[in-house]
Amino acid sequence: ATPTAIMVGTGLGAQRGVLFKSATALETAAHIATVAFDKTGTLTKGEPEVTDVIVDGSAVGLDEDTVLALAAAVERESEHPLAAAVAAYAADRAAPVLPATGFHNVPGHGAIAQVDGRTVAVGNAKLLAAEGVDLGRLGPRRDQLAAGGRTAVLVAIDGHAVAVIALADAARPSSAAAVAALHEAGVRVVMITGDNAATGRRIGDTLGIDEVIAEVLPADKATKIAELQAGGAKVAFVGDGVNDAPALATADVGVAIGAGTDVAIESADVVLMTSDPLGVPTALTIGQATVRKEK
Ligand code: ADP
Ligand code: MG
Numbered sequence: 102a103t104p105t106a107i108m109v110g111t112g113l114g115a116q117r118g119v120l121f122k123s124a125t126a127l128e129t130a131a132h133i134a135t136v137a138f139d140k141t142g143t144l145t146k147g148e149p150e151v152t153d154v155i156v157d158g159s160a161v162g163l164d165e166d167t168v169l170a171l172a173a174a175v176e177r178e179s180e181h182p183l184a185a186a187v188a189a190y191a192a193d194r195a196a197p198v199l200p201a202t203g204f205h206n207v208p209g210h211g212a213i214a215q216v217d218g219r220t221v222a223v224g225n226a227k228l229l230a231a232e233g234v235d236l237g238r239l240g241p242r243r244d245q246l247a248a249g250g251r252t253a254v255l256v257a258i259d260g261h262a263v264a265v266i267a268l269a270d271a272a273r274p275s276s277a278a279a280v281a282a283l284h285e286a287g288v289r290v291v292m293i294t295g296d297n298a299a300t301g302r303r304i305g306d307t308l309g310i311d312e313v314i315a316e317v318l319p320a321d322k323a324t325k326i327a328e329l330q331a332g333g334a335k336v337a338f339v340g341d342g343v344n345d346a347p348a349l350a351t352a353d354v355g356v357a358i359g360a361g362t363d364v365a366i367e368s369a370d371v372v373l374m375t376s377d378p379l380g381v382p383t384a385l386t387i388g389q390a391t392v393r394k395e396k
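So in the numbering used here, spot 155 of the sequence shown is number 256, and the numbers just go up one at a time.
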C-alpha cells in the first residue's frame, strides 16, 4: 500500500482503539483467513468466580470448610486466575487460613502442596489422573458442570478426590458480535484454550465459534497456530496472557488485548486499546480498505 494509505489506515485504527504497530501488520490484516482467539481473558473477562462447590470429604474424614481451607491454602500460593478465585471464595466463607509448604505448580494442570500434614492437589482431571486419583462419585458431577460451560477444579487430599469447585468466567459483552462480524467477512473463527474440552465446546457454541481446540498446554499454543497456518492460510491470533506471547509471534498477525500482560502487548503486531474483541473485525476491515486503495 502507499505511504498515504498506510497513514490513513493507521489513523483510522487509532480513532477506533486499534493500534497497528507496523505497515506490515496493517497490510497482512487484509489477507487473514482464520482468526484464533485465546479463551480466558480474551473472549472472556478473565475474572472467574466460584459458582458451585461439591464436597465429599468422607474418605479423609474432613468437613466442607476444612476441605475448602486446604484447597485455598494451595491456591493462595498460585498465580493462576482460577486459584485467585478459589482463594477469594474461601476467604469470603471465612475458611481457616492454613500455611502450605512444598508448593509446586504443574503448568496447564494445577498445583500441589502439603497442608496440615496432608498432600493437597488442586487442578483438572489430568492432574488427578497423573496423581493416580480416581474421581469416583465426583466424576459425573464434574462432567455435568463442564457441559454447562463451567470450569471444574478438582481437589484431591491424600490421594482421594474430595471436591469439585465450579467456576464461571463471563464472556466479554461483544465477543459473540465479534465472531459474527468475522463470519460476515468470510473469516473462520477458532478458540484455543487450556480448559477442558466440554467446557470449551459449550462456551464456543454460545459464541458461535467454528472450531474449539481445548486442553492445549501453555507451551503448545504456538504449535496450534502453526498447524492452522499449514496450507498457507494467513492466521491472526488474539491473546492476553504471558503464555500467549509465542503464539502471538507465530501468527501472521498477533493481536493483544489492551488490558493484557505487557509481554503479550510487546509480542503483538496490533493492540486493542479498549480490550474490545470487536476491534478484531475492525482491524481486518481497515486492512482491506488500505490494501484496496493501493490498486
Ligand atoms: P487457560 O488459562 O486457557 O484456562 P491454563 O493452561 O492456564 O489455561 O490452565 C489449564 C487448566 O489447568 C485450567 O483450566 C485448570 O483446569 C487447570 N489449572 C491450572 N492451574 C490451576 C490452579 N492453580 N488451580 C486449579 N486449576 C488449575
Ligand atoms: Mg488468556
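Ideal placement from N, C-alpha and C gives every residue a C-beta, glycine not left out. Note that the structure is a prediction, hence the values are computed from the model and not measured.
Taking 6 Å as the limit between beta carbons, can you name the residues of its chain near G209, skipping five residues before and five after?
G295, L318 and P319
What does D153 pair with, by DSSP beta-bridge criteria?
Bridge partners of D153: A267.
Anyone know if the C-beta pair for D139 and G340 falls short of 7 Å?
yes
Within the same chain, show all residues whose beta-carbon is closer than 8 Å to that of P200, passing over the 5 residues directly before and after it, in chain order.
A174 and V216
Alpha carbon of V256 to alpha carbon of A248, nearest angstrom:
19 Å
Quick check on the contact list: which residues have their beta carbon closer than 5 Å to a heavy atom of the ligand MG?
D139, T141, G142, D341 and G342
Which word fits V198, buried or exposed, when buried means at least 16 other C-beta atoms lie within 10 angstroms of its C-beta?
By the neighbour-count rule (16 or more Cβ atoms within 10 Å), V198 is not buried but exposed.
Rounded to the nearest angstrom, what separates R273 and T143 at their Cα positions?
Going by the C-alpha atoms only, they are around 8 Å apart.
For G332, three-class secondary structure by DSSP
coil
Would R243 and V265 be called neighbours here (beta carbons separated by less than 7 Å)?
yes
According to DSSP, what are the bridge partners of Q245?
Checking the DSSP bridge columns, you'll see Q245 has no partner listed.
Would you say the beta carbon of D270 comes nearer than 6 Å to a heavy atom of the ligand ADP?
no
Closer than 6 Å: is that where the CB of G211 sits relative to any heavy atom of the ligand ADP?
yes
Alpha carbons only, please: which of A279, V254 and K335 is nearest the one belonging to I310?
For the set A279, V254 and K335, the Cα lying nearest the Cα of I310 is the one of A279.
Own chain partners of E148 with C-beta closer than 6 Å, once the 5 adjacent residues on each side are dropped:
none
D193, enclosing beta strand (DSSP E) - first and last residue:
Here D193 belongs to no beta strand (DSSP E); instead the alpha helix (DSSP H) covers P182 to D193.
In terms of residue numbering, what span does the alpha helix (DSSP H) encompassing T129 cover?
A124 to A130
In the segment 357–395, which residue ranges form an unbroken beta strand (DSSP E) of at least 3 residues, counting only runs that do not cross its ends?
DSSP runs (the beta strand (DSSP E)) wholly in the segment 357–395: 371–373.
Let me check you understand the geometry: is the CB of S275 closer than 6 Å to at least one non-hydrogen atom of the ligand ADP?
no
Using C-beta distances below 8 Å, list every residue in its chain close to R302, excluding the 5 sequence neighbours before and after it, in chain order.
Taken in chain order, the residues that qualify are V313 and A315.
For A115, which option in I387, R393 and V392 has the closest C-alpha, if you only look at C-alpha atoms?
I387
What is the rounded straight-line gap between the Cα of T125 and the Cα of D321?
Approximately 26 Å, taken between the alpha carbons.
C-alpha distance - S123 paired with D259, whole-angstrom precision
Approximately 54 Å, taken between the alpha carbons.
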